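Counting along the sequence shown from 1, when you hit position 229 you're at 228 in numbering that gives the first Met the number 0, and nothing is skipped either side. Note that beta-carbon positions come from the ideal geometry of N, C-alpha and C, so glycine has one too. Please read all numbers here as calculations on a predicted model, not as lab measurements.
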Amino acid sequence: MQLFYAPGIPQGIYTLPPDEAHHCLHVLRHRQGQTIWVIDGQGGLYKAVITHLSPKDCTFTIEQQIPLPPVPPVYIHLAVALTKNADRWEWFAEKAAEIGVSAITPLLTARTERKQLRTERLQKILITATKQSVKATVPRLLTLTAFNHFIQQQQTQINTARFIAYIDDNNQLLHRVYTPGSNVVMLIGPEGDFTPDEAQQAIAAGFVPVSLGKSRLRTETAAITVCHTFNLLNQT
């Protein structure tokens, strides 16, 4: 199923953005009167009919809204330290959108080497991955946030499990301490892991330190492992 993204649907705007309209007309060569499938990025999937199509504009009418189960089935928020190589972090974001994640916070930590984010490019990656994996909800890409500020923000959260992946032989495996059905916030550190001070700050704020197994993982691999674990444990 080929999906198009139209974020304005909830506000009654039945028009594809210019890049989506270009793809519809010039790549797929759709014409007026044809049926298309459209997502609004907020969980809605729609069967629609093209009413007008030009090189920079495509309007449509909605024939039917299709019910979809939520993906992911619980709220999964990953706070992931930026990687030195920007492509690796973008790869993580793409795969997380394919697997299913609710929100992603790019994280600045003491050992983070890169301090900038290509936000517009990342947003496009998330939209494309969502469409390709036939989902209707685009993950929220939140603001680049310093570690200590993020910890402070999360202290006001209720009814949410909080974990930090941290290398320590005493930590229990994630799947043994997480309760399926629970909303969750997860901290993933940079190359070299969180500093001991950061780990203690998170633990003092209620984050439970966990292990992802015996292997030492790259930041992006750890984040995808976590994303897959939460989705798998919440399958019904």
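Check: Residue closest to T127, alpha-carbon to alpha-carbon, out of E19, I12, I8 and Q10; Outcome: E19
Check: Continuous beta strand (DSSP E) stretch holding E62: start and end; Outcome: D56 to I65
Check: Separation of L116 from I65, as counted between CA atoms; Outcome: 35 Å
Check: Sufficient close CB pairs (3 or more, under 8 Å) joining the segment 50-69 to the segment 183-203; Outcome: no
Check: Residue range of the unbroken beta strand (DSSP E) whose run includes L195; Outcome: Note that residue 195 is Pro in the sequence shown, not Leu. Counting along the chain, P195 falls outside any beta strand (DSSP E), though it belongs to the alpha helix (DSSP H) covering P195 to A203.
Check: Supposed close pair L52, Q31 - CB separation, criterion 8 Å; Outcome: 5 Å
Check: Simplified DSSP state of K46, which is helix, strand or coil; Outcome: strand
Check: Inter-stretch contact at 8 Å, needing at least 3 Cβ pairs: the segment 133-153 / the segment 168-182; Outcome: no
Check: 7 Å Cβ cutoff met for I38 and Y4; Outcome: yes
Check: Collapsed DSSP secondary structure at F3 in the structure displayed; Outcome: strand
Check: C-beta atoms of A78 and T108 nearer than 7 Å; Outcome: no
Check: Where the beta strand (DSSP E) containing L77 begins and where it ends; Outcome: I75 to A80
Check: Neighbourhood of G205 by C-beta, 6 Å cutoff - its chain only, sequence neighbours within 5 removed; Outcome: R161
Check: Bounding residues of the alpha helix (DSSP H) (the contiguous stretch that carries L186); Outcome: Element bounds for L186: not the alpha helix (DSSP H) but the beta strand (DSSP E), N182 to I187.
Check: Alpha-carbon to alpha-carbon, R175 and L231; Outcome: 13 Å
Check: Closest by C-alpha distance to H21, when choosing among I8, D168 and T58; Outcome: T58
Check: Touch test, the segment 138-147 against the segment 91-110, Cβ-Cβ under 8 Å, three pairs minimum; Outcome: yes
Check: Enclosing alpha helix (DSSP H) for T118 [first to last residue]; Outcome: T118 to Q131
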